[in-house]
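Just below is one structure, and these are the notes that go with it.
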Amino acid sequence: MFLCGFVLSCGSGVDIKKNDFVVKTNTKKGHILNNEVLNLSIDNKKSHKIDSVAFSTEGNKLGASTNLAAYKLGKHTIDATVYSNGKAFNINTNITVLSSKAPKIYKYKLLNTYPHDITSYTQGLEFYKGHLYESTGLYKKSKLRQVNYKTGAVIKNVDLNDSYFGEGLTVLNNNIYQLTWESGLGFVYDVTTLEKKNSFKYGKSKEGWGLCNNGKTIFKSDGTEKIWSLNTTSLTEDDHIEVYTNKGKIIGINEMEWVNGSIYANRYQKDGVAIINPKNGTVDGVIDFSPLKKLVTQHDELDVLNGIAYNPTTKTLFITGKLWDKLFEVQILD
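First residue of the sequence shown? That's 41 in the numbering used here, and the numbers climb one at a time after it.
This is the structure:
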């Protein structure tokens, strides 16, 4: 990417105003696909003499033409500094980068069905060294527990304070990280004893929804289209991606799981899972798990699908939901 400097048509106007310049793009209603080239120019309304123009986004210099393949999806602010008559004028415009491909549709094969605590309002589910850990929600009912996935028996259990609404969890380096919903606070536990070690506060993400990790980075959802990257030492939000398809953003990103280089994510109130590229936010695929809800005991408080755990030993996914009495082992089919 290079600094763009060029001269446009000359004029004699001395009274130059910021509004005399407008950033022009080749987007369609502000949208452009990530396999396209972004073209930038300046609409010089009053034909002032322009000495040079510098374009940038998020602090990175842009040329007049930029291939978007390496850029994250979502909203970007295009900043332009126009140099004219010895002065600098800062203007900007917003664009939204969409995926160039529609999500691929995947099916699944049901392998096994196991019992699951029907009173568990499942928020987080993850295997670690052969053990299954679960975080549950609701005020006065939130828990962190280790369970025997084959029998549904609770091996260890920790009740959260009544003031906390439990959310997603992930396990890394013998620590369990658990979110709460609206309290702006997460907790860290010892994976062996489930003893609470410390807590951490959220940054720009106002709520806690889901967690997963790739062994180096913890990923956090907050109920919007954003997935935040957390520093594993400080737990600060270092960066984020925005989840988009070829048509628009996907909000309600909830419980997440890292599976073979991708983020598998529940969407709140949707009985499906999105397969997300963690580098740029593209939804590469979608799995429809809605038939599973019909296989659990139907009751008045039965809630949505929520809970994805990948077992690296069996190389299969385990799926459940809020107040479901079954845990399903499935294999994803192309």
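A virtual CB, placed ideally from N, CA and C, is assigned to each residue, including glycine.
Per DSSP, what kind of secondary structure is D60 in: helix, strand or coil?
helix
The beta strand (DSSP E) with P155 in it runs from where to where?
Membership of P155 in the beta strand (DSSP E) is indicated by the continuous run 144-155.
Mind checking which residues open and close the beta strand (DSSP E) that includes L251?
Segment 251-253, the beta strand (DSSP E) holding L251.
Buried or exposed (CB count within 10 angstroms, at least 16 for buried), T360:
buried
I need the DSSP call for C50, collapsed to helix, strand or coil.
For C50, the predicted model reports a pLDDT of 42, less than 50, meaning its position is unreliable and no value from the coordinates is stated.
If contact is defined by three or more beta carbon pairs under 8 Å, each pair taking one atom from either stretch, is the region 157-167 in contact with the region 127-136?
no
Where does L335 fall in DSSP's three states?
coil
Which residue from T153, S175, Y179, T159 puts its Cα closest to that of V191?
Per the sequence presented here, residue 191 reads as Thr, with Val not at that position. Selected option, being the one with the closest Cα: T153.
Could you pull the start and end residues of the beta strand (DSSP E) that A94 belongs to?
92-97
C-beta contact flag for N320 and K112 at 7 Å
yes
Taking one C-beta from the region 83-96 and one from the region 248-255 each time, how about it: are there three or more such pairs within less than 8 Å?
no
What would DSSP say about S203, mapped onto helix, strand or coil?
coil
Output the distance between the C-alpha atoms of L363 and E76, rounded to the nearest integer angstrom.
45 Å
Could you say if the region 221-236 and the region 315-330 meet the contact criterion of at least three C-beta pairs nearer than 8 Å?
no
Applying the 10 Å Cβ sphere with the 16-neighbour rule, what's the burial state of H339?
exposed
On the three-state DSSP scale, how would you describe S140?
coil
Which of helix, strand or coil DSSP assigns to S377
Outside the shown range of the chain, which is 41 to 374, sits residue 377, and nothing can be said about it.
Please state whether the Cβ-Cβ distance between E277 and I348 is less than 7 Å.
no
If you reduce the DSSP assignment to three classes, tell me which class A193 lands in.
coil
Report the rounded CA-to-CA distance for G177 versus D324, giving the unit in angstroms.
29 Å
Got a sec: is the Cβ-Cβ distance from K64 to anything in chain C below 7 Å?
No chain C appears in the structure shown, which is made up of a single protein chain.
Excluding the five sequence neighbours on either side, which residues of its own chain have a C-beta within less than 7 Å of the C-beta of I291, listed in chain order?
T264, E265
Just how far apart, CA to CA, sit E222 and T106?
40 Å
How is E247 classed by DSSP in three states: helix, strand or coil?
coil
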